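> Numbering (the working numbering), first residue to last: 21 to 131.
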Amino acid sequence: MASEPTTPGPDERPPAAPGEPGGAGRLDRARRGGRTAELYAAAILGLVIVGLLIAWVVANREQVRVDWLVGSTQAALALVIFVAAALGWLLGIATSFAIRRRVRHRREGRG
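1. So, are the CB atoms of residue 80 and residue 97 less than 7 Å apart?
2. Look up residue 86 in the DSSP assignment and say whether it is helix, strand or coil.
3. Report, in whole angstroms, the separation of the C-beta atoms of residue 100 and residue 84, which I expect to be a contact under 8 Å.
4. Suppose you measure from the CA of residue 55 to the CA of residue 64; what does that come to, to the nearest Å?
So this is what it looks like as structure tokens:
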């Protein structure tokens with residue numbers, strides 16, 4: 021069986037030559053340029069966040085006393101704050117899942 025040539029649909033235009041006006045080459049370059057700008061912006065934002073995090077750790081490097089129910093410990097203030105923030109974030113996520121599950125369970129029971 022010989023395959024018959026098909027004509028391109030409205031969305032499937034053959035690529036235009038580099039010098040042709042209104043060709044796909046210019047549009048493709050613009051799309052790639054936009055994506056590149058997004059990547060550079062993300063990289064710069066990441067570097068700014070890392071720099072701020074380093075500055076925060078340096079500013080909070082002093083040792084503090086942490087009292088437990090039984091005993092106490094010395095730890096860097098930055099570490100204490102980071103651990104407290106991470107635990108709070110994880111507990112917030114767990115609470116959100118528990119509430120969502122309970123609400124979903126109640127809806128299924130009524131319907």
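Backbone N, C-alpha and C fix where the C-beta goes; we use that ideal spot for every residue, glycine too.
All values reported here derive from a predicted model rather than from experimental measurement.
Once the coordinates are examined:
1. Counting from one through the sequence shown, the residue named residue 80 turns up at place 60. Counting from one through the sequence shown, the residue named residue 97 turns up at place 77. Yes. Within cutoff.
2. As a first step, residue 86 must be located in the sequence shown, where it is residue number 66. Residue state, collapsed to three classes: strand.
3. Counting from one through the sequence shown, the residue named residue 100 turns up at place 80. Counting from one through the sequence shown, the residue named residue 84 turns up at place 64. Yes, they are in contact, since the Cβ atoms of residue 100 and residue 84 sit about 6 Å apart, within 8 Å.
4. Start at 1 with the first residue of the sequence shown, and residue 55 comes out as number 35. Start at 1 with the first residue of the sequence shown, and residue 64 comes out as number 44. For residue 55 and residue 64, the distance between alpha carbons rounds to 14 Å.
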